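Before any comments, here is the structure.
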Amino acid sequence: MTQATDVSIDGAGYMVAPGTYQRTQDGAPEGRTGRIVVRDFFGGQRRAVQLERDRSWDSVGVGPCYGGQGVEPWPFATVDTDLGLNGAAAVPGAGQRCPSLVVEDRAYLAVGTKLFRSVLLSASAWADFALVYTAPATITDLAYYRGDLAVLMGNAADIRIFGTGFGAVAAGTTAVLQVGEKGRLGVGYANRLVYADPAPGQTDQLRMTTGGGIDTRQLDAPIVRMGLWQGKIAIATRASLWTLGGRSDPATATWVSDPAPFFTHGVWSADDDFAFLLGFGGRLYTWLANQVMLYHPEGDRAGWRAAGPGGQTCHGATIAAGYLVVCLTTRLGDTETWAGDGSGWWLIHRAALGTGATRIWPLHTGGAGNVDLVTLRDGSAAATVDLYRLLWRSPTEQTYPASGAFRTSLLDAGERDKTKAWRKLGAVFAVPEARGNQASADAVTLTLAYSVDGGKTFANAASTVVADPTRRVLELDAALANNAAASRTIQLRLTWSSVSDWAPVLTGLWAEYELLDAPARRRRWRFKVHARDAAAQRDGAPAPRTGRQLAADLWAAWRAGATVPFQDLDFDATAETVQTRIVGIAEDVPKPADGARWGESVVALTLVEV
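Residue numbers (our numbering): 587 to 1196.
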């Protein structure tokens, strides 16, 4: 049907004043700009998409400094072929635990039936392990015992005590603890040995030396791991957690307290559950359900809580230089070594599946030879080991690796659902003091890169070489070409390479973007209409309503805020009726004196599509 007037509003026809009609888009303009900054590094890695301000994604070879206000390459790492292990044909394997322990002035390591010891803790240089004892059976655990070393071999042989030179057994010799006494797991506590009975049908029995004989306690399920926590022995069975404190009474050959259960977790689900049980930072950590867990004693979520990296299998853990170190195999089969300081986790080694031997059974050295940590390699007939220095000792005994990289989480600028055009990237380096070897001649290469495909590929944005270790402040930035990086998220990566004994400290990463917003697609109209008596319509016929009625209807619709149907100038071609609201109105009366007799005005309108 042909429209009789220029426009129709709420069923009433109006004629538009010439030269006043305008139709535009409504809504926020596209292309809002913003900036996102990463400047806190306290929480470590393992955060996939940015949530906390202080966490990042996994990358090898960096660690926190200045209380998490910066990051730098860390830790020092080197590869060593241990002639001591090699000469004894000791081949570590992921399927057989290689227990280790620091006793008095040395670190001890058991591989199969062979017991080795390190150089003195006070030694200034690392040297190969030395074979000190060949046991009659595979060694399953080591424990401190009255200044000496208890060697446990499961149900295959009696417990032996190896003399360290600080106990009752002559240095370098062994003695049987007690004829017939066997153990698979054990810990030294209160100058006594507490261990798990390995005999079939007795694996839920705890045995304790007392100085006058052996005392026993029955627990609820087979014992799978033991450790020390909060001044007591922590014991994990397949069903529960227990603690044992107290002391022995030699006169009565008894232990004066009983194990106390404090949490029942159910039945274990995998062979590597409780691969370790370690007290660290006042908390109890373990491996359970394919993840590092900590025990939380209170609240609605009391019990085991996810607290670190996870994967297919755990290959042991230790506490070294103030870090909880865990070796594991990831879901994809990669081998990784992680170090946690209680506030976050940092990846110190990764080898993709098929590109390197699985790292297993990390060993705390006590700082022997200025080395803090040793990791073994699964099936290494050449006895290749990895040595790490986690603590800075001097400019020559420092903690810098040859290279390292920091990678952010997926950054979305708080608007994960919207695409951004990333325009500029930058990195800031700053320290308030001399750091590293100030006399170094090493030239460090810094490379800033970005990824818009979730870290699958990275493109280099800027690179520089810094050769002055006394320089404390540095900036690196790059502008990106149009259409070079458009995505909902971005990852930034800063890489240090050619590092020797100093490196700039990264204190911030930033990215500027233009938000490619998608506001509501709606229209806005501005025009003026005539509100007069007998106004001529398109067909020449006079308008059936008075000017006063036409104006009054528009004011009423505006006052009500109601949605009104609107037919535009081109209704005859489109047949489109649009639901709108009158959001602006102004009326101009050229002859106010005639307003009481007849309608004669011009009404300015602003309509917005709903």
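Even for Gly, the Cβ is constructed at its ideal location relative to N, Cα and C. Here the structure is a predicted model, which means the values were calculated and not measured.
Look up residue 1049 in the DSSP assignment and give the residues it is bridged to. For the purposes of this step, residue 1049 is identified with residue 463 of the sequence shown, where counting begins at 1. Looking at the DSSP assignment, residue 1049 forms a beta bridge with 1033.
Looking only at its own chain, which residues have a Cβ that is under 7 Å from the Cβ of residue 767, when we skip the five neighbours before and after it? Walking along the sequence shown from the start, residue 767 turns up at place 181. If we look at residue 767 and ignore the five residues flanking it on each side, its Cβ neighbours are 744, 745, 800.
Which residue comes first and which comes last in the alpha helix (DSSP H) that contains residue 605? For this step, residue 605 is matched to residue 19 along the sequence shown. First-last for residue 605: undefined, no H or E at that position.
Start-to-end residues for the alpha helix (DSSP H) that takes in residue 804: Numbered from 1 along the sequence shown, position 218 holds the residue referred to as residue 804. Not the alpha helix (DSSP H): residue 804 falls in the beta strand (DSSP E), residues 800 to 804.
Helix, strand or coil: which one does DSSP assign to residue 719? Indexing the sequence shown from 1 puts residue 719 at position 133. Residue state, collapsed to three classes: strand.
Residue 1021 to residue 1088, Cα distance in whole Å? Within the sequence shown, numbered from 1, the residue matching residue 1021 stands at position 435. Within the sequence shown, numbered from 1, the residue matching residue 1088 stands at position 502. Residue 1021 and residue 1088: Cα-Cα distance of roughly 7 Å.
By how many angstroms is the C-alpha of residue 1107 removed from the C-alpha of residue 1174? Residue mapping note: residue 1174 aligns to position 588 of the sequence shown, counting from 1. Residue mapping note: residue 1107 aligns to position 521 of the sequence shown, counting from 1. About 32 Å.
Determine, using beta carbons only, whether residue 657 and residue 639 come nearer to each other than 9 Å. Position 71 of the sequence shown, counting from 1, holds the residue named residue 657. Position 53 of the sequence shown, counting from 1, holds the residue named residue 639. No.
Which stretch, first to last residue, makes up the beta strand (DSSP E) that contains residue 771? Sequence index remark: in the sequence shown, residue 771 carries index 185 (1-based). That residue, residue 771, is in no beta strand (DSSP E); it is neither H nor E in DSSP.
Is DSSP giving residue 1093 helix, strand or coil here? Against the sequence shown, residue 1093 aligns to sequence position 507. Residue 1093 falls in the strand class under three-state DSSP.
Does the distance from the C-beta atom of residue 1166 to that of residue 1188 stay below 9 Å? To locate residue 1166, count along the sequence shown from 1; it is residue 580. To locate residue 1188, count along the sequence shown from 1; it is residue 602. Contact flag unset, no.
From the DSSP output, in three-state form, read off residue 890 for me. Here the question's residue 890 lines up with position 304 in the sequence shown. Residue state, collapsed to three classes: strand.
With a cut-off of 8 Å, do at least 3 Cβ pairs link the segment 693 to 708 to the segment 717 to 729? yes
Proximal residues to residue 1060 (C-beta, below 6 Å), its chain only, five neighbours per side dropped: To locate residue 1060, count along the sequence shown from 1; it is residue 474. Taken in chain order, the residues that qualify are 1015, 1090.
Just to confirm, are residue 1083 and residue 1031 a CB contact at a threshold of 9 Å? Position 497 of the sequence shown holds residue 1083. Position 445 of the sequence shown holds residue 1031. For residue 1083 and residue 1031, yes; Cβs fall inside 9 Å.
With distances taken between CB atoms, is the gap from residue 870 to residue 813 smaller than 9 Å? On the sequence shown, position 284 is the one that residue 870 refers to. On the sequence shown, position 227 is the one that residue 813 refers to. For residue 870 and residue 813, yes; Cβs fall inside 9 Å.
Length-filtered (4 minimum) alpha helix (DSSP H) runs lying within the segment 788 to 839: none
DSSP-derived helix/strand/coil call for residue 1157: The residue given as residue 1157 occupies position 571 in the sequence shown. Helix.
Quick one: Cα of residue 907 to Cα of residue 678, how far? Translated into positions along the sequence shown, residue 907 becomes position 321. Translated into positions along the sequence shown, residue 678 becomes position 92. Answer to the nearest angstrom: the Cα atoms are 24 Å apart.
By DSSP's criteria, residue 1010 is part of a beta bridge. Which residues make up the other side? Start at 1 with the first residue of the sequence shown, and residue 1010 comes out as number 424. BP columns for residue 1010 point to 1065, 1098.
On a CA-only basis, which of 1093, 722, 1035, 976 is nearest residue 1071? Give me that one, please. Here residue 1071 is taken as the residue at index 485 of the sequence shown, counted from 1. The residue with the shortest Cα to Cα distance from residue 1071 is 1035.
Residue 863 and residue 815 closer than 9 Å at C-beta: Within the sequence shown, the letter at position 277 stands for residue 863. Within the sequence shown, the letter at position 229 stands for residue 815. Yes, the pair counts as a contact, with Cβ atoms nearer than the cut-off.
Here's a check: name, in chain order, each residue in its chain whose Cβ is nearer than 6 Å to the Cβ of residue 1141, leaving out the five neighbours to either side. Locating residue 1141 in the sequence shown gives position 555, counting from the first residue. Here the set comprises nothing.
If you draw a straight line from the alpha carbon of residue 1002 to that of residue 672, how long is it in whole angstroms? The residue given as residue 1002 occupies position 416 in the sequence shown. The residue given as residue 672 occupies position 86 in the sequence shown. In a straight line, the C-alpha of residue 1002 is about 54 Å away from that of residue 672.
How many whole angstroms separate the CB atoms of residue 589 and residue 1153, which I take to be in contact at a CB cut-off of 8 Å? Position 3 of the sequence shown holds residue 589. Position 567 of the sequence shown holds residue 1153. That pair is a contact at about 6 Å.
Residue 634: which of 1008, 1069, 995 sits nearest, CA to CA? Translated into positions along the sequence shown, residue 634 becomes position 48. Nearest option by C-alpha distance: 995.
In angstroms, rounded to a whole number, what distance separates the CA positions of residue 636 and residue 964? Numbered from 1 along the sequence shown, position 50 holds the residue referred to as residue 636. Numbered from 1 along the sequence shown, position 378 holds the residue referred to as residue 964. Going by the C-alpha atoms only, they are around 35 Å apart.
Relative to the C-alpha of residue 608, which candidate in 1076, 887, 1110 has its C-alpha closest? As a working mapping, residue 608 is identified with position 22 in the sequence shown. With distances taken between Cα atoms, residue 608 lies closest to 1110.
Residue span of the beta strand (DSSP E) that contains residue 649, given as start and end: As a first step, residue 649 is located in the sequence shown; it is residue number 63 there, counting from the start. It spans 648 to 651 - the beta strand (DSSP E) in which residue 649 sits, taken as one unbroken run.
Can you find the residues in the same chain that come closer than 8 Å, C-beta to C-beta, to residue 979, ignoring five residues on each side of it along the sequence? Indexing the sequence shown from 1 puts residue 979 at position 393. Around residue 979: 956.
What runs of the beta strand (DSSP E), each 3 residues or longer, lie entirely inside the segment 693 to 768? 700 to 703, 716 to 720, 727 to 731, 734 to 738, 746 to 748, 760 to 762
Considering Cα atoms alone, identify which of 968, 722, 753, 750 is closest to residue 738. Translated into positions along the sequence shown, residue 738 becomes position 152. Of 968, 722, 753, 750, the residue nearest in Cα terms is 722.
Enclosing alpha helix (DSSP H) for residue 978 [first to last residue]: Locating residue 978 in the sequence shown gives position 392, counting from the first residue. Careful: residue 978 lies outside any alpha helix (DSSP H) and carries neither H nor E.
Using a Cβ-Cβ cut-off of 6 Å (strictly less than) and excluding sequence neighbours within five positions of residue 860, which residues of its own chain qualify? Looking up residue 860 in the sequence shown gives position 274. Around residue 860: 810, 811, 822, 872.
Go ahead and label residue 967 buried or exposed: buried means 16 or more other beta carbons lie within 10 angstroms of its beta carbon, across all protein chains shown. In the sequence shown, counting from the first residue as 1, residue 967 sits at position 381. With fewer than 16 other Cβ atoms within 10 Å, it is exposed.
Go through its chain and collect everything with a Cβ distance to residue 714's Cβ below 6 Å, but skip five positions before and after it. Here residue 714 is taken as the residue at index 128 of the sequence shown, counted from 1. Cβ neighbours of residue 714 beyond the five flanking positions: 668, 669, 670.
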